[in-house]
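Enquirer:
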Amino acid sequence: MSSEPPLMEVRNLRVYYPVRKGMFGGVAYVKAVDGVDLVLNKGDIFTLVGESGCGKTTLGKTIVGLVKPTSGEILYKGKNVLKLNKREYLEYRRNVQIIHQDPFSSLNPTKTVFQTLSFPLKRWGIARSRRDLIEKVSELLSLVGLKPPEDFLFKYPHQLSGGQRQRVVVARAISVNPELIMADEPITMIDVSLRIGILDLLLDLQKRFNTAYLFITHDFGAARYFAAKGGGLIAVMYLGKIVEIGPAEDVIHDPLHPYTKVLMSAVPVPDPELSRKKKLLKLKSLDIPSPMNPPPGCRFNTRCPFSKPKCEKEEPPLVEVRKKHWAACWLYTS
Amino acid sequence: MPRNLLEVKSLRVLYKVHRGDVKAVDNVDLSVREGEILGVVGESGSGKSTLALAILRLLPRTARIADGHIYYRGEVDLASSPENKLKEVRWKEISLIPQAALNALNPTLKIVDHFLETARAHGVHDRKWVIERASKLLSLLRLEPDRVLKSYPHELSGGMKQRVLIALAMLLEPTMLILDEPTTALDVLTQRFILDLLKDLHAKTKITMMFITHDIAVIADIADRMAVMYAGKVMEVGDVYTVFKEPKHPYSIALMKSIPSLTGSVEEMRSIPGTLPDLVNPPPGCRFWPRCPHAMDICRKEEPPVVELKPGHLVSCWLHARR
Chain A
1 MSSEPPLMEV RNLRVYYPVR KGMFGGVAYV KAVDGVDLVL NKGDIFTLVG
51 ESGCGKTTLG KTIVGLVKPT SGEILYKGKN VLKLNKREYL EYRRNVQIIH
101 QDPFSSLNPT KTVFQTLSFP LKRWGIARSR RDLIEKVSEL LSLVGLKPPE
151 DFLFKYPHQL SGGQRQRVVV ARAISVNPEL IMADEPITMI DVSLRIGILD
201 LLLDLQKRFN TAYLFITHDF GAARYFAAKG GGLIAVMYLG KIVEIGPAED
251 VIHDPLHPYT KVLMSAVPVP DPELSRKKKL LKLKSLDIPS PMNPPPGCRF
301 NTRCPFSKPK CEKEEPPLVE VRKKHWAACW LYTS
Chain B
1001 MPRNLLEVKS LRVLYKVHRG DVKAVDNVDL SVREGEILGV VGESGSGKST
1051 LALAILRLLP RTARIADGHI YYRGEVDLAS SPENKLKEVR WKEISLIPQA
1101 ALNALNPTLK IVDHFLETAR AHGVHDRKWV IERASKLLSL LRLEPDRVLK
1151 SYPHELSGGM KQRVLIALAM LLEPTMLILD EPTTALDVLT QRFILDLLKD
1201 LHAKTKITMM FITHDIAVIA DIADRMAVMY AGKVMEVGDV YTVFKEPKHP
1251 YSIALMKSIP SLTGSVEEMR SIPGTLPDLV NPPPGCRFWP RCPHAMDICR
1301 KEEPPVVELK PGHLVSCWLH ARR
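Protein chains in written order, with my numbering: chain A, 1 to 334; chain B, 1001 to 1323.
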């Protein structure tokens, strides 16, 4: 083990959103993230999957500093991000970049590609003169596959396709050589035939610049592709907690947690025989409990096909069941 | 072989934009057989939703059917029927559940009123019949009729609303349902539940379905036959087992490889180079040639003919026309 602190570390993170209950009622809390630990080193790929409402986006936003945690710690290179001084904070914001889901709303429609991409370069003093800026922006455009760059420099977002826009967004994120990119559903709004192209582009940057990724998606196929090709991990979230973490192919083909097993049995696959032969693991209930009032014990016990009395009382710890493959389930611990 | 319930012949649908006409559906031939589930798969811009809207003549004002026929039961041509004839077909013969219809329910109306209003709009005033039929359909879709009918849309989850819409579409006993991306906005487990329900519903009622989606895995799971659309054209048609096992059109082959799925090796998955063509000025010849690894000279000049490789397996590609 190296003595250097990890690039990003999250300890026992909780993020609660207050909601008013009724007209005279008190305040209740939506427990979006409820006790999450994770570690990311340089070049790591960490893929967070889960259904809508599981807290994956809140977790991502908190790690990059867009949402304030209720409790717990987020450490950037060993330092709590809430206690950074101004210089350290700027360095953190520069080194942690974001790619949003919607390439249509994350670019300013009144600015050309050149204006959009030269802003961070000027801001961080990477290039100053117009000549340097054009050269550097052209380099970025080639890097993200928008070639020849002259064709794209002075285009406005509305003149680009969805895939091209997302490439501009990627170019903006990498323009300042970040160490970590948080990508929240970066391919969901991209045409099917171009999705893998965007993922390959991100993976290429990991290889070239050792960029780490926190990749958030609801699509298990995309999570598998990204994590498997980048040698990373998949973490499955349910009601604010990580219930399983492991190497991509292990989680997909040999899941441990009953929730992951149920999901894997439900996803259709592009093979008529296989897809129809799949045996669906039946849930006890289709209803997801409210994140305001998660069930005691294991949060999945109200729906789990394997639940035992113990699951309703005690919360299972996340333990290493197989090599590097962790699950929080009483099936695997006594 | 079951007879064709719907036959689309040389259909062309254009959207007017300031640059010219978007050729959204261009010379499409496609038939739907009675009692089958036909899957229509394509990326955004392939023309699949436009095709659905054209069948019931529900196109927006900027669009028009420029050419072609849509024969229903071999007799009525929906492409040229007068509006009053179409009113008899919509909901009573063919029902459409459009994309993102989850938000189409009126938030101020209880579910029961959605059923009553729909019936009234089509001249059915028998309240008792409507409620009985609605209850039967809702139970078939595994919802509690009494509770759901009394609810307002906001009291129902996404999966429940989707089921209410399916019941509503089936209210006036249509022969055919057109479902446009019915499971796209839903979570994995809800999607699985709806897919299984639709299969079950199909087994019980034998209702004909046209199932439109961008997700090829969903087609593999539910459809009997499938049509692959690209840039306003049908590229390949066949039964799902054949098309998935031996896709013949270079686009179908590339599309199947471009899906990051749970099965198969990630090393073999790759995206399709290039981008979708501009449909105001589509490339001459085959619309896929700018991205096709097998493009030949003729592909750039002439539109490929439709070739029947095996009974029912149709491909529109010069590679197969030359044999």
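We put the CB at the ideal spot given by N, CA and C, even for glycine.
Based on Cα-Cα distance, which residue from A:Glu-135, A:Val-144 and A:Lys-31 lies nearest to A:Leu-239?
Expert: Working through the first sequence from its first residue, we reach residue 239 of chain A at position 239. The candidate whose alpha carbon is nearest that of A:Leu-239 is A:Lys-31.
Enquirer: Since A:Leu-19 sits in a beta bridge, which residues does DSSP pair it with?
Expert: Looking up residue 19 of chain A in the first sequence gives position 19. As written in the sequence, residue 19 of chain A is Val, which differs from the Leu given in the question. For A:Val-19, which the question treats as bridged, DSSP gives the partners A:Ala-28.
Enquirer: Run through DSSP, which three-state label would B:His-1313 get?
Expert: Along the second sequence, read from residue 1 onward, the residue named residue 1313 of chain B stands at position 313. B:His-1313 falls in the strand class under three-state DSSP.
Enquirer: Please list, in chain order, the chain A residues whose beta carbon lies closer than 8 Å to that of B:Val-1266.
Expert: Numbered from its first residue, the second sequence carries residue 1266 of chain B at position 266. Here the neighbours are Arg-224, Tyr-225, Ala-228 and Lys-229.
Enquirer: Counting only Cβ-Cβ distances shorter than 8 Å, please list the residues of the stretch 1181-1210 of chain B near chain A, keeping chain order.
Expert: Here the close residues are Asp-1187, Val-1188, Leu-1189, Thr-1190, Gln-1191, Arg-1192, Phe-1193, Leu-1195 and Asp-1196.
Enquirer: Check for me: the beta strand (DSSP E) holding B:Ala-1223 runs from which residue to which?
Expert: Stepping through the second sequence from its first residue, residue 1223 of chain B is reached at position 223. Counting along the chain, B:Ala-1223 falls outside any beta strand (DSSP E), and DSSP gives it neither H nor E.
Enquirer: Tell me the residue span of the alpha helix (DSSP H) that contains B:Leu-1133.
Expert: Within the second sequence, the letter at position 133 stands for residue 1133 of chain B. It should be pointed out that residue 1133 of chain B corresponds to Arg in this sequence rather than to Leu. Its alpha helix (DSSP H) spans residues 1127-1140.
Enquirer: Using the Cβ count rule (16 or more neighbours within 10 Å means buried), how would you classify B:Pro-1060?
Expert: What you label residue 1060 of chain B is simply residue 60 of the second sequence in a count that begins at 1. Flag for B:Pro-1060 reads exposed.
Enquirer: Tell me whether the stretch 1163-1173 of chain B and the stretch 1033-1048 of chain B touch, counting them as touching only if at least three CB pairs, one residue from each stretch, are closer than 8 Å.
Expert: No: the two stretches stay apart, fewer than three of their Cβ pairs being nearer than 8 Å.
Enquirer: Please list the residues of the stretch 260-276 of chain A that have a C-beta atom closer than 9 Å to any C-beta atom in chain B, keeping them in chain order.
Expert: Here the close residues are Val-262, Leu-263, Met-264, Ser-265, Ala-266, Val-267, Pro-268, Val-269, Pro-270, Asp-271, Pro-272, Glu-273, Leu-274, Ser-275 and Arg-276.
Enquirer: Below 8 Å, how does it come out for the stretch 4-19 of chain A and the stretch 59-77 of chain A: are there three or more Cβ pairs, yes or no?
Expert: In short, these stretches touch, since the Cβ pair count reaches three.
Enquirer: Our contact map puts A:Ser-307 next to A:Leu-281 with C-beta atoms below 8 Å; I'd like the distance itself, whole angstroms only.
Expert: As a working note, residue 307 of chain A is residue 307 in the first sequence. As a working note, residue 281 of chain A is residue 281 in the first sequence. Going by Cβ atoms, the distance from A:Ser-307 to A:Leu-281 rounds to 13 Å, so no, they are not a contact pair.
Enquirer: Which of the three DSSP states, helix, strand or coil, is assigned to A:Arg-303?
Expert: The count along the first sequence starts at 1 and reaches residue 303 of chain A at position 303. Looking at A:Arg-303 - three-state DSSP - the assignment turns out to be coil, as it is neither helix nor strand.
Enquirer: Given a cut-off of 8 Å, decide if B:Thr-1175 and B:Thr-1205 are closer than it, judged by their beta-carbon atoms.
Expert: Position 205 of the second sequence, counted from the start, is the residue given in the question as residue 1205 of chain B. Position 175 of the second sequence, counted from the start, is the residue given in the question as residue 1175 of chain B. Taking 8 Å as the Cβ cut-off, B:Thr-1205 and B:Thr-1175 do not qualify as a contacting pair.
Enquirer: From the DSSP output, which residues share a beta bridge with B:His-1069?
Expert: Position 69 of the second sequence, counted from the first residue, corresponds to residue 1069 of chain B. B:His-1069 is bridged to B:Lys-1009.
Enquirer: Name the chain A residues whose beta carbon is nearer than 7 Å to that of B:Phe-1288?
Expert: What you label residue 1288 of chain B is simply residue 288 of the second sequence in a count that begins at 1. In chain order: nothing, as chain A lies at least about 11 Å away.
Enquirer: To the nearest angstrom, how far is it from the Cα of A:Pro-309 to the Cα of A:Ala-328?
Expert: If you number the first sequence from 1, residue 309 of chain A lands on position 309. If you number the first sequence from 1, residue 328 of chain A lands on position 328. Approximately 16 Å, taken between the alpha carbons.
Enquirer: Please decide whether A:Ser-290 counts as near chain B, where near means a Cβ-Cβ distance under 8 Å.
Expert: Position 290 of the first sequence holds residue 290 of chain A. It does not: the Cβ of A:Ser-290 has no partner Cβ on chain B nearer than 8 Å.
Enquirer: Just to confirm my understanding: we take B:Cys-1299, look at its own chain, exclude 5 residues before and 5 after, and list those with CB closer than 6 Å. What are they?
Expert: The residue you call residue 1299 of chain B lines up with position 299 of the second sequence. Only Gly-1285, Cys-1286, Trp-1289 and Trp-1318 meet the Cβ criterion.
Enquirer: Rounding to the nearest angstrom, what Cα-Cα distance links B:Ser-1271 and B:Leu-1255 in this structure?
Expert: Numbered from 1 along the second sequence, position 271 holds the residue referred to as residue 1271 of chain B. Numbered from 1 along the second sequence, position 255 holds the residue referred to as residue 1255 of chain B. C-alpha separation (whole angstroms): 8 Å.
Enquirer: Figure out for me which residue from A:Thr-47, A:Thr-302 and A:Asp-254 has the closest Cα to the Cα of A:Lys-323.
Expert: Mapped onto the first sequence, residue 323 of chain A falls at position 323. Among A:Thr-47, A:Thr-302 and A:Asp-254, the Cα nearest to that of A:Lys-323 belongs to A:Asp-254.
Enquirer: Are the C-beta of A:Ile-345 and some C-beta of chain B separated by less than 8 Å?
Expert: Here chain A comprises residues numbered 1 to 334, so residue 345 of chain A is not present and cannot be evaluated.
Enquirer: What residue ranges within the stretch 271-328 of chain A form continuous beta strand (DSSP E) runs of no fewer than 3 residues, ordered along the chain?
Expert: Listed in chain order, the complete beta strand (DSSP E) runs (minimum 3 residues) inside the stretch 271-328 of chain A are 319-322 and 325-327.
Enquirer: Find the residues of chain A that neighbour B:Val-1218, judging by a C-beta separation of less than 8 Å, and give them in chain order.
Expert: Stepping through the second sequence from its first residue, residue 1218 of chain B is reached at position 218. Pro-268, listed in chain order.
Enquirer: Anything in the stretch 1213-1241 of chain B with a Cβ closer than 7 Å to a Cβ of chain A? List those residues in chain order, please.
Expert: Those residues of the stretch 1213-1241 of chain B that come within reach of chain A (Cβ to Cβ, closer than 7 Å) are His-1214, Ile-1216, Ala-1217, Val-1218, Ala-1220, Asp-1221, Val-1240 and Tyr-1241.
Enquirer: Quick check: the Cα distance between A:Lys-284 and A:Pro-316, rounded to an integer number of angstroms?
Expert: Within the first sequence, numbered from 1, the residue matching residue 284 of chain A stands at position 284. Within the first sequence, numbered from 1, the residue matching residue 316 of chain A stands at position 316. If I take the Cα positions, the gap works out to 19 Å.
Enquirer: So is A:Ala-171 buried or exposed if we call it buried at 16+ other beta carbons inside 10 Å?
Expert: Mapped onto the first sequence, residue 171 of chain A falls at position 171. Result: buried.
Enquirer: Given a cut-off of 8 Å, decide if B:Ser-1261 and B:Ala-1217 are closer than it, judged by their beta-carbon atoms.
Expert: Taking the first residue of the second sequence as position 1, residue 1217 of chain B is located at position 217. Taking the first residue of the second sequence as position 1, residue 1261 of chain B is located at position 261. Yes, these two residues count as a Cβ contact at 8 Å.
Enquirer: Using a Cβ cut-off of 8 Å, which residues of the stretch 1241-1263 of chain B contact any Cβ in chain A, in chain order?
Expert: So the close ones are Tyr-1241, Phe-1244, Ala-1254, Leu-1255, Met-1256, Ser-1258, Ile-1259, Pro-1260, Ser-1261, Leu-1262 and Thr-1263.
Enquirer: Roughly how far, in whole angstroms, is the beta-carbon of A:Lys-42 from the beta-carbon of A:Ala-223, given that I think they are within contact range, below 8 Å?
Expert: For this step, residue 42 of chain A is matched to residue 42 along the first sequence. For this step, residue 223 of chain A is matched to residue 223 along the first sequence. So it is not a contact: roughly 21 Å between Cβ atoms.
Enquirer: With 8 Å as the threshold, decide whether the Cβ of A:Ser-193 is near any Cβ in chain B.
Expert: Residue 193 of chain A sits at position 193 when you count from the first residue of the first sequence. Taking Cβ atoms only, chain B reaches closer than 8 Å to A:Ser-193, which makes this a yes.
Enquirer: Taking 8 Å as the cut-off, decide whether the C-beta atoms of B:Phe-1211 and A:Asp-271 are in contact.
Expert: For this step, residue 1211 of chain B is matched to residue 211 along the second sequence. For this step, residue 271 of chain A is matched to residue 271 along the first sequence. No, Cβ-Cβ distance for B:Phe-1211 and A:Asp-271 is not below 8 Å.
Enquirer: Please report the straight-line C-alpha distance between B:Ile-991 and B:Thr-1183, rounded to a whole angstrom.
Expert: For residue 991 of chain B there is no data in the structure shown, the boundaries of chain B being 1001 and 1323.
Enquirer: Strictly under 8 Å for the Cβ-Cβ distance: is B:Ile-1272 near chain A by that measure?
Expert: Within the second sequence, residue 1272 of chain B is the residue found at index 272, counting from 1. Output row for B:Ile-1272: interface = yes.
Enquirer: Can you tell me whether B:Lys-1161 is buried or exposed, with buried defined as 16 or more other CB within 10 angstroms of its CB?
Expert: As a working mapping, residue 1161 of chain B is identified with position 161 in the second sequence. Per the 10 Å Cβ criterion, buried.
Enquirer: Would a check of beta-carbon distances place B:Glu-1043 closer than 8 Å to chain A?
Expert: To locate residue 1043 of chain B, count along the second sequence from 1; it is residue 43. Interface residue, yes.
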